[in-house]
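Undergrad: Have a look at the structure that comes next, please.
Residue numbers (the working numbering): 4 to 171.
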C-alpha cells in the first residue's frame, strides 16, 4: 500500500453485484480508496456503478474501469455468460464511461476456440464505443469437473470444445 501498487476490485467476484446494492460494502471501500486517491482497477460486468451514489465516488477516484464479456456470438451469450448483459449494453456502458472521461477497457474472456472472429468484432465495437484498451483471455478449464465443463460448453457452442482446444 505504501508503494501505491494499484488494487484490483473484481476479477473473480464482481464488486458491483446485486448484494452490494443492499449491503454497500463496495461503496464504502470505494470511498476509502477515493479519500486516499489510491490507484484502483475495477473489473466488472455489472451496472451498479452507474447508480448516483457510486458514480459520485468514482468520479473523484484514481480509477481505471475494465468491463468484461465472453467472446461469443450474441445468440449464445445468455447461455455461456449467464446473467450478463447483451453486448450492446456493455458497449453503452463503455460509451457512458468514456464520455465522462473515465479510462475504460474491455476484457473479452473467455475467447472460445473457433469463435475468435466474434471476439475480434467485439473488440472493434468496443473501440468504436470509446474503449482505450482491449484484452483477450482464452478459455481456461480447471481439472476439477473438467469433463462436465467441457460437455456443458460443447452443448452450448455446438462443437466438441475439447477437440477444438487440442487442434488450435
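Backbone N, C-alpha and C fix where the C-beta goes; we use that ideal spot for every residue, glycine too. Because the structure is a prediction, the values reported are computed rather than measured.
Expressed to the nearest angstrom, what Euclidean distance is found between the alpha-carbon atoms of residue 135 and residue 108?
TA: Your numbering for residue 135 matches position 132 in the chain shown. Your numbering for residue 108 matches position 105 in the chain shown. Roughly 6 Å separates the two Cα atoms.
Undergrad: Suppose contacts are defined by Cβ-Cβ distances below 8 Å. Is residue 118 in contact with residue 76 by that definition?
TA: Against the chain shown, residue 118 aligns to sequence position 115. Against the chain shown, residue 76 aligns to sequence position 73. Yes, they are a contact pair.
Undergrad: Applying the 10 Å Cβ sphere with the 16-neighbour rule, what's the burial state of residue 129?
TA: The count along the chain shown starts at 1 and reaches residue 129 at position 126. Per the 10 Å Cβ criterion, buried.
Undergrad: By how many angstroms is the C-alpha of residue 156 removed from the C-alpha of residue 17?
TA: Counting from 1 along the chain shown, the entry for residue 17 is found at position 14. Counting from 1 along the chain shown, the entry for residue 156 is found at position 153. Their backbone Cα atoms lie some 22 Å apart in a straight line.
Undergrad: Spatial neighbours of residue 94 within its chain, please: CB distance less than 7 Å, with the 5 preceding and 5 following residues excluded, ordered by chain position.
TA: For the purposes of this step, residue 94 is taken as the residue at position 91 of the chain shown. Closer than 7 Å at Cβ, skipping near neighbours: 128, 129 and 132.
Undergrad: Between which two residues does the alpha helix (DSSP H) containing residue 21 stretch?
TA: Residue 21 sits at position 18 when you count from the first residue of the chain shown. 21 to 26 is the extent of the alpha helix (DSSP H) around residue 21.
Undergrad: Applying the 10 Å Cβ sphere with the 16-neighbour rule, what's the burial state of residue 3?
TA: Outside the shown range of the chain (4 to 171) lies residue 3, about which nothing can therefore be said.
Undergrad: Report the residue from 52, 62 and 166 whose alpha carbon sits nearest the alpha carbon of residue 38.
TA: Here residue 38 refers to the residue found at position 35 of the chain shown. Selected option, being the one with the closest Cα: 62.
Undergrad: Using a Cβ-Cβ cutoff of less than 8 Å, which residues in the same chain neighbour residue 30 once the five nearest sequence positions on both sides are dropped?
TA: In the chain shown, counting from the first residue as 1, residue 30 sits at position 27. Correct list, in chain order: 23, 56, 57 and 60.
Undergrad: Let me check one thing: in DSSP terms, what residues is residue 72 bridge-paired to?
TA: Numbered from 1 along the chain shown, position 69 holds the residue referred to as residue 72. BP columns for residue 72 point to 111.
Undergrad: In the DSSP assignment, what are the bridge partners of residue 90?
TA: For the purposes of this step, residue 90 is identified with residue 87 of the chain shown, where counting begins at 1. In the DSSP output, where bridge partners are listed per residue, residue 90 has none listed.
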